[in-house]
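Quick notes on the structure that follows.
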């Protein structure tokens, strides 16, 4: 499979051949779902907590005598029936960790890339060079590529500080090193913009012999 490689002016200057075992594999939707679920659940803190009647401060004394007042009996002001009382069956701290085997993670990333390639959502640029951190320079690059206004994930070989600072003020642009990108990162953008070398490295990393 080949991807056209663009220069910074948006012109196609060459083609990059990639492995069919990565970009032409039959997408496995079940594995993709599990990989995204794993990433989403692992990002949860799980620190949500409510207090039961035994944990709420106060309520140790019986608020009034058992009989003779003409009102319902009560043993504590921290009953779940009372305002300010304990919570019945409320959320408690929980570990949401959900790990996948390495082979399943790799298959999920290959499936996601193959799906995006089929959708024509992958673009390759020779290299992105920004001399100083200027948002307008990065926006001009996107305009020349014809992808300004779209939700773009830029995946360089390594994160250049000037590139990162140029792109961070653009609300629809995310910058992440290609080797660190997850299945969800490949799926959540309209366009995946790779540098030539970053796509080659990712292809070598995920290729199945």
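Numbering (the numbering used here), first residue to last: 2 to 210. Ideal placement from N, C-alpha and C gives every residue a C-beta, glycine not left out. This structure is a prediction, so every number in the text was calculated from the model and none was measured.
Counting of Cβ neighbours within 10 angstroms places residue 14 among the exposed residues, the total staying below 16. Rounded to whole angstroms, residue 117 and residue 88 show a C-alpha spacing of 46 Å. DSSP, reduced to helix, strand and coil, places residue 33 within a helical segment of the structure shown.
Residue 25 and residue 204 have their C-alpha atoms roughly 12 Å apart. A Cβ-Cβ distance of about 5 Å is found for the pair residue 97 and residue 45, placing them in contact under the 8 Å criterion. When the five nearest sequence neighbours on each side are left out, the beta carbons in the same chain lying within less than 8 Å of the beta carbon of residue 178 are those of 156, 157, 158, 159, 160, 199, in order along the chain.
In the structure shown, residue 44 falls within a coil segment according to DSSP collapsed to helix, strand and coil. Closest option to residue 167, judged by alpha-carbon separation, among 129, 56, 151, 11: 129. Taking the Cα positions, residue 83 is about 17 Å away from residue 67. Residue environment for residue 93: exposed (fewer than 16 other C-beta atoms within 10 angstroms of its C-beta). Residue nearest to residue 190 within the set 150, 207, 59, 209 is 150 (criterion: CA-CA distance). The DSSP-derived three-state label of residue 154 is strand.
The beta-bridge partner set that DSSP reports for residue 176 consists of 155. With a cut-off of 8 Å on Cβ pairs, the stretch 96–110 is in contact with the stretch 33–47, counting three or more such pairs. Residue 205 sits in a helix when the DSSP states are folded into three classes. In this chain, the alpha helix (DSSP H) harbouring residue 21 covers 21–24. In this structure, the CA atom of residue 188 is about 7 Å from the CA atom of residue 113. In the DSSP assignment, residue 162 falls within the alpha helix (DSSP H) that extends over 162–168.
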